[in-house]
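See below for the structure under consideration.
Number of protein chains: 8
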Amino acid sequence: MDRERLHQLLDQVAGGEVSTADALEQLAELPYADLGFAKLDLHRELRNGLPEAIYAEGKRTEDLLAIVARMLEAHGRVLVTRVRPEMVAALAAAHPEGAHHERARIWTFGQGAPLPGPPIAVVAAGTSDLPVAEEAAVCLAWFGHTVERGYDVGIAGLHRLLGRLPALRRAGVVIAVAGMDGALPTVVASLVAAPVVAVPTSVGYGASFAGLAPLLTMLNGCAPGIGVVNIDNGYGAAVLASRIARAAPPAA
Amino acid sequence: MDRERLHQLLDQVAGGEVSTADALEQLAELPYADLGFAKLDLHRELRNGLPEAIYAEGKRTEDLLAIVARMLEAHGRVLVTRVRPEMVAALAAAHPEGAHHERARIWTFGQGAPLPGPPIAVVAAGTSDLPVAEEAAVCLAWFGHTVERGYDVGIAGLHRLLGRLPALRRAGVVIAVAGMDGALPTVVASLVAAPVVAVPTSVGYGASFAGLAPLLTMLNGCAPGIGVVNIDNGYGAAVLASRIARAAPPAA
Amino acid sequence: MDRERLHQLLDQVAGGEVSTADALEQLAELPYADLGFAKLDLHRELRNGLPEAIYAEGKRTEDLLAIVARMLEAHGRVLVTRVRPEMVAALAAAHPEGAHHERARIWTFGQGAPLPGPPIAVVAAGTSDLPVAEEAAVCLAWFGHTVERGYDVGIAGLHRLLGRLPALRRAGVVIAVAGMDGALPTVVASLVAAPVVAVPTSVGYGASFAGLAPLLTMLNGCAPGIGVVNIDNGYGAAVLASRIARAAPPAA
Amino acid sequence: MDRERLHQLLDQVAGGEVSTADALEQLAELPYADLGFAKLDLHRELRNGLPEAIYAEGKRTEDLLAIVARMLEAHGRVLVTRVRPEMVAALAAAHPEGAHHERARIWTFGQGAPLPGPPIAVVAAGTSDLPVAEEAAVCLAWFGHTVERGYDVGIAGLHRLLGRLPALRRAGVVIAVAGMDGALPTVVASLVAAPVVAVPTSVGYGASFAGLAPLLTMLNGCAPGIGVVNIDNGYGAAVLASRIARAAPPAA
Amino acid sequence: MDRERLHQLLDQVAGGEVSTADALEQLAELPYADLGFAKLDLHRELRNGLPEAIYAEGKRTEDLLAIVARMLEAHGRVLVTRVRPEMVAALAAAHPEGAHHERARIWTFGQGAPLPGPPIAVVAAGTSDLPVAEEAAVCLAWFGHTVERGYDVGIAGLHRLLGRLPALRRAGVVIAVAGMDGALPTVVASLVAAPVVAVPTSVGYGASFAGLAPLLTMLNGCAPGIGVVNIDNGYGAAVLASRIARAAPPAA
Amino acid sequence: MDRERLHQLLDQVAGGEVSTADALEQLAELPYADLGFAKLDLHRELRNGLPEAIYAEGKRTEDLLAIVARMLEAHGRVLVTRVRPEMVAALAAAHPEGAHHERARIWTFGQGAPLPGPPIAVVAAGTSDLPVAEEAAVCLAWFGHTVERGYDVGIAGLHRLLGRLPALRRAGVVIAVAGMDGALPTVVASLVAAPVVAVPTSVGYGASFAGLAPLLTMLNGCAPGIGVVNIDNGYGAAVLASRIARAAPPAA
Amino acid sequence: MDRERLHQLLDQVAGGEVSTADALEQLAELPYADLGFAKLDLHRELRNGLPEAIYAEGKRTEDLLAIVARMLEAHGRVLVTRVRPEMVAALAAAHPEGAHHERARIWTFGQGAPLPGPPIAVVAAGTSDLPVAEEAAVCLAWFGHTVERGYDVGIAGLHRLLGRLPALRRAGVVIAVAGMDGALPTVVASLVAAPVVAVPTSVGYGASFAGLAPLLTMLNGCAPGIGVVNIDNGYGAAVLASRIARAAPPAA
Amino acid sequence: MDRERLHQLLDQVAGGEVSTADALEQLAELPYADLGFAKLDLHRELRNGLPEAIYAEGKRTEDLLAIVARMLEAHGRVLVTRVRPEMVAALAAAHPEGAHHERARIWTFGQGAPLPGPPIAVVAAGTSDLPVAEEAAVCLAWFGHTVERGYDVGIAGLHRLLGRLPALRRAGVVIAVAGMDGALPTVVASLVAAPVVAVPTSVGYGASFAGLAPLLTMLNGCAPGIGVVNIDNGYGAAVLASRIARAAPPAA
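Protein chains in written order, with the numbering used here: chain U, 251 to 502; chain P, 251 to 502; chain A, 251 to 502; chain R, 251 to 502; chain X, 251 to 502; chain L, 251 to 502; chain Z, 251 to 502; chain B, 251 to 502.
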């Protein structure tokens, strides 16, 4: 799967250092740790640039603790999204140095080394969009990015957004979070030159249809330069923004 | 149905001027002209303030001609929406003084008397929204209103909209037409104090889903003061705007 | 953003009364109060004619108290929609003079000055539509309008609606609230000359699909003159109706 | 399948008149005629009270001719819905005594014997709903029912419907056809005591979504007593209405 | 609205027995009782053949008690659907002679006089469809009809349905209730000559989408003669079936 | 219905061993046991190769106990899906030898005899898909199949799936369970020659729309050889896989 | 990707027969032929048991000719689905021995060797479903399977289906094709023990929504043992059925 | 709107170089050229980094020619998407040096200066996705980027994609285009560290629902790092990819 790794392995096989059977074994078994109920992708950081995060939704607390322990052993740091209160208590008992980010529903241990490059801006249209925006912001900070927050800047009061414009223009990427009409990312994309990551939220009256309305708005934004992620998916927005921020060409 | 008319009729029955049987007859039969295949609501102007318009879609040309003739006989003026080219030819032959409004797909004969009050603004986000915007504008003019057009003012270039702001602020009502993200009415509603009539159009890439995307955006607009009409329904927007403009309180 | 304000500011800059840097500062910062987690749009009344209301859904009680306090400081009155019982208790403790409107799920403090013009009618199809209808009615009263209520007048018993016809004909605007088939606004629009604001509700059996059915009915109403707002959005209907009622031309 | 037939067959087997093998043969093979590409259900009239109609959509003209010939041989009469012009020409050439009902897109040969009972009313909201309404009316007449038509009686002009009320009240069943808001069946059901068969049509502006809007309206009608059939399905409405009209209890 | 009533009233006005003003008063006010929060349609039995039922969903217990009391005063009997346990307790306390039908979630007081005509069959595909089927059956019995129940006869075991065939063939109308694939009504309609009332239920795995799947199946049933009502709407099915059963032609 | 059975019965009737009336009786009544509220299809194993399973959702505990008792009497073994904790307690009390499979939400008594043939593989994309995958696996084991589990092998880490490839290639059928993007079955179908049964799950962020997204992905899979079952329907997947595994041609 | 191939390649590398660089080259390049605009998967037969078919929809005729030529060179036989008339002419000119299957919209050259095992049955509900059913049947025959066709056996006339029951019971797999209500696969699955492949078609009146209705019916079928493929996808059904038929356990 | 421009303008006003009235005039009027039917956003390159492209869909040829002429005057280069054949002829006549990109449905004049940085990869799943992929690739080349194409690499033959892996790993951004199951972007995102721009296409069988299926798959991709654009929107993907490629941090 991993061509460089495969290349090296084939070289070792060719050199007689590794037998064919062992090579096959390694190829399929090496890159993850099998806990029985889960297979941890310890290899992901090498392949994709970011370690795997743990999505707590639908997991049992004891399973989560086992996964966290194994990830800490492998990486020395871990990020858990969508933690429930009882999980936080168990995690705090096991790892007192960990940190709980309440609004973001995230628990972290350790932190990525500071990354170079311009800050990443996270703007949200309304106060109800805060949990999703904070999920993105906390993830970005844990990855090592500098984050600029700008909340409650929806287009019902354009001047509030304009007040954030200088900060938005300094950012290398902008994450724009909005429910209801979902128009914020389009307006932002028309005002800045940076790529915009759009996150629809499930906030709103009936015909928002749990986020379908802002999702469609963002996909149909008349100002190009917007990439849309799933409804309420602050974590996904952070990963995409981080990939973008790290996509810089090597300094000549 | 019509209480005043009923009152008068009952008085006449009470006074012996009209028999019971005749009253019943009149109640059910009077207000429309029956062409067999259609019943023309000649009464609508009295009841709702505007004569019935003719929606040409799905009608035969000969039926349309018959309806137009009967309406002209009753009112002296008529407005036909969604006319097809062959209909226009037939109408022009029968009524050379009529006018064809090509972009709006409308044919008119005569015109309403000028109505007092502030102008009604019609703004459209993109050039593809013009047919719908023109349908609204031509109807309004035929009703007797003053119309202010402002086209290609979508939020991908907010300065184009801001250039129209003084005109928008003078308007008693604003009709905002948009496809794609459909965010224009929300931005307009945040900038003016007048009521905004929002018209989604079926223009756009795939996930517009034939106008569903801007429709949902408009219903979920985070700035209140917006009333939404059906997709591509410029005529409906004009009628609503006209009702609003004529809803003024009697000068004390 | 606000052209008049900008005009004045530019004059001051031109006159040397305000420096360029200060002007920029004011342009972006002046019109709202930043509470950190929220930016209050203290300017909205000047711009749109109505002060910003507070939508309590998804807010914390302590945040709501802070916002209410700041709004009262700025305006002397405030309206909060979708209040939960625990919020009402906290608000009552902090502001004993405030009023709780239970059916409408609204808390208010103070009231707008009485506004001139004809009454605004609020009609609802069934008893289950009452919370939404009351949300609209309480908002209108707080804005300063005279309100005429007519409830349980759905088209399953047309005579109940006809009994309200004289009141409907006196109104400058009619708000029609309906779930299930959502046909009430269309019937009302065919009987009166005033603009009709239609509010679908999420009441009904399965295939209402949480309000989608009445929403589509209202958008497709065969009688024109109807502006539709979001499902269950009584507040939005009130703001639109208020804008319409205040859209009167200046008395010559 | 057919219990009475099975009963008789079993009696014959028991009586030695029919062998077991023959019985099986008859059970599976008897009731239809196999044309290779189609199996004609010659048995349906006995089972369901009405002969099978031919739905021409998607059939080849030569196949249709073969089917019609076989049905005429079996029943002496036939009804074909959704005929295309080239089919009509071929049918007319082969069976000059057949009749083409243009608006209804139906071709018939022969006719059912007159059926007793009250007339069946067919009402349609707008002129665009005529093809569907006529499909229902022509089918009913061919079945042998007396039909009362009332077209262009939509709720935008309630008085037009009220003018038809006495005729509606005389009907044993009412078929109500409507596109757009689809409110006509609900209003009819609130005014008469007979069962109402509701047919949504695909006529209308964008948010009708090809008939979805009136379909949902009819399913959610607040006046009970309505049975809904598929969009544009005039034939299905006629069959249901005919079954209802023939569901009379045996005269004591 | 009610033509006969209107006729009589006009006669009285013509005869001087009733003044014009009184007539108007009566016209709009007579047929319902206004409880403030609700308007009871005491007139419905005369107009539609069945008294209005009370839909308890979303009502307060005290309001329900008031409505029930007023209905009993007017009619001497009442039927309440979708009663909650606390309502049942309150109703039992106030009216000990009333009856609670637990599976059907219905409370009744009194009963309609037995109606002539053939029985009405109620069949349900699975045990989970029982609450909806029982809602229909209890309503029918209360109206005065004879009811034949046949439950758990879904098409996964066709022989179970065939075992009910003789009973189905005796029925004047068949109500077929089904969730999941919703195919039961189509199969029934192909086996009997009576009209079939189809009720989709919200029972089933994920892609049933809360009843959408059986609803669409029933609308698309390839055997004609089916009228569909709303999802889970057993009451509506009963009213339609009752109207059908009472639609018999006058005995010659 | 059952041709062989019918054949035999007809022979008995022909031979005079069974009377016509008795035959009819047997035909309709024999194959199921009627508990009043449910009809148990005791015949299903003969007809379809597997005994009927009990779907506990929406059943009362006492009804479930009665059904289980009757099934055990007829078959000596039973499988109940979607059991709730209180049901498990009651079942354990009545049948202590039964087994509860917690993750799978299944209760079983007895077990099918081991079936010949290759193993059936059950793979799941994420840990949240485990309940559905386990429902399938436990059913298969109870039917008598050998099961190979492979969990947490989603395409976000293709190497985890490749590690299971040899096991997948040995399987006669593969059940692939996935939520979110639902791409696992397509990738599996491109790598193995066996048929793939795809099960979408309702796991995921907002725009999964409760399983609609993976359902559509699976239906549109660009690698053919996939049969899709309902969302979260592990039981249905097991039955289909079992039918496939038992569809072997008779050894020559 | 292909483990056996990888195993062999690794052995060759280990044995020095193949260099590391060559191995990599082969791994990525070998299994397909690159025509520039398309990459032909010549390897698929080895991997999945069936050669890749050509889907002509949206291809240019000259591209199709090039692809067919290359496939014939590699395999000596080819199957093209969804051919348009102009393609057929060009294919016939280039390869006169090829065969055109008109109803199925398929062009084939050569044929697979006869495969052992029981026949595969293809049944279709109505005559309009024939093109899809024929697409499946022609593909199966080309793969080498014996096919049993049974058309026009929809559930509106159950006896027509019952007449095919013995043939269905002999089949190793049944493909059931249906539009409209889509109930045929469920009824078939309740009558046979073989796995059923269900194919919804886009045939039907309005609320079929281009095949959505039968698709949902099939996913929700109350008789388990059904695997659903995409709307109108006869080819996909054939591949799945073929995989199932070839999934037989090795004869002991 | 444009803060820098506003800053400069305010300085000029402060310095007396520009009058207040002129400043207002410039603010609203400067940045676009008004052609009456369209307002060209000549300012966009400065604001967003890329000049405005012309979307030809729904425009008249003469309007397009006027817009192109004005854009060439302002920028010296222009890009037109979705050109129809008759437009290409007219453009070629007016501007013989322009270039037509047939598969991409694009017409260009001139070209952007080469941009530094790594190449941008464009991969497509099937040959039917080529028009959309080419739209993206041609736009990128015109912007000045180096483009790496890789077509027909869908996941039905993973080895075809793996053959492109080295090229994908060299890219700074990857645009992945796919219809049907839409799984390609997810697989790509799991194999590379660069951001992935996902474009769903409307290619596929029925249940693709014109691109909805791949759209949902992409939004729900289990590998993070994907930004989704509208269905078939190759141009939007190119703009987003270009923004990302130009978002590099300034070399230290």
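Where is the CB? At the ideal position from N, CA and C, for every residue including glycine.
Practice item. Determine whether the Cβ of G360/R lies closer than 9 Å to any Cβ atom of chain X. Key: G360/R does not count as touching chain X.
Tell me which residue opens and which closes the alpha helix (DSSP H) that T377/L is part of.
T377/L -> no alpha helix (DSSP H), and no H or E assigned at all.
Problem - Alpha carbon of G404/A to alpha carbon of L412/Z, nearest angstrom - result: Taking the straight line joining both Cα atoms gives about 50 Å.
Legend entry - Spatially closest choice to A525/B from I476/B, V437/B, H345/B and G308/B, by CA coordinates: Look at the range of chain B in this structure, 251 to 502, and you will see that residue 525/B is not part of it.
Using a threshold of 9 Å, state whether the C-beta atoms of I494/P and V447/P are closer than that.
Their beta carbons are under 9 Å apart, which means I494/P touches V447/P by this criterion.
- Message: With the cut-off set at 9 Å, would you say P335/R and L490/X are in Cβ contact?
- Response: No, they are not a contact pair.
* Asked: With DSSP run on the structure shown, which of helix, strand or coil describes L365/Z?
  -> Residue state, collapsed to three classes: coil.
### Query
DSSP on T358/B, reduced to helix/strand/coil?
Strand, per DSSP.
Buried or exposed for E267/L, please, with buried defined as at least 16 other CB atoms from any protein chain shown within 10 angstroms of its CB.
Exposed, since its Cβ has fewer than 16 Cβ neighbours within 10 Å.
Would you say S458/U lies against chain D (beta-carbon separation less than 9 Å)?
Absent from the structure is chain D; the protein chains it does hold are U, P, A, R, X, L, Z and B.
- prompt: Do T467/P and D431/U come within 9 Å of each other at the CB atom, strictly closer than that value?
  reply: For the pair D431/U and T467/P, the CB atoms are nearer than the 9 Å cut-off.
S517/P versus G348/A: straight-line alpha-carbon distance, rounded = What the structure shows of chain P is the stretch from 251 to 502, and residue 517/P is not part of that stretch, so it cannot be assessed.
Nearest-angstrom Cα separation, counted from V427/Z out to G326/Z:
Cα to Cα, the separation comes out at about 31 Å.
Quick one: what's got a C-beta closer than 7 Å to W392/L's C-beta in the same chain, skipping five residues either side?
Cβ neighbours of W392/L within its own chain (closer than 7 Å, five residues either side excluded): L329, T358, Q361 and G362.
*asked:* I'd like to know if G454/X contacts chain L, where contact means its C-beta is closer than 9 Å to some C-beta of that chain.
replied: Residue contact with chain L for G454/X: present (Cβ-Cβ distance below 9 Å to some residue of chain L).
Assign G352/L to one of two classes, buried (16 or more other C-beta atoms within 10 Å of its C-beta) or exposed (fewer than that). The identity of residue 352/L in the sequence shown is Glu, whereas the question assumes Gly. Counting Cβ neighbours within 10 Å, E352/L comes out exposed, since fewer than 16 surround it.
Fill in: Which of helix, strand or coil DSSP assigns to H350/X
Three-state DSSP puts H350/X in a strand.
Which partner residues of E398/X appear in the DSSP bridge assignment? Partner residues in the beta bridge of E398/X, as assigned by DSSP, are A371/X.
Do we get a CB-CB distance below 9 Å when we pair T436/L with the residues of chain B?
T436/L counts as touching chain B.
message: Rounded to the nearest angstrom, what separates G471/R and I356/X at their Cα positions?
response: When the Cα atoms are used, G471/R and I356/X turn out to be separated by approximately 21 Å.
| request: Within its chain, find whatever has a CB closer than 8 Å to the CB of L408/X; leave out the 5 residues flanking it on each side and keep chain order. | output: These residues qualify, in order along the chain: V437.
- Message: At the level of alpha carbons, what is the spacing between A473/R and A406/A?
- Response: Approximately 5 Å, taken between the alpha carbons.
Next on the checklist: Taking its Cβ as the centre, do 16 or more other Cβ atoms sit within 10 Å of E323/Z, making it buried, or is it exposed?
Outcome noted: When all chains shown are included, E323/Z counts as exposed.
**Asked** With 9 Å set as the bound, which would you pick, yes or no: does the beta-carbon of Y401/U sit closer than that to a beta-carbon of chain L?
**Response** Answer no: the Cβ-Cβ gap between Y401/U and chain L never drops below 9 Å.
Distance check for V453/Z and L380/R, CA to CA, integer angstroms please. Taking the straight line from one Cα to the other gives about 23 Å.
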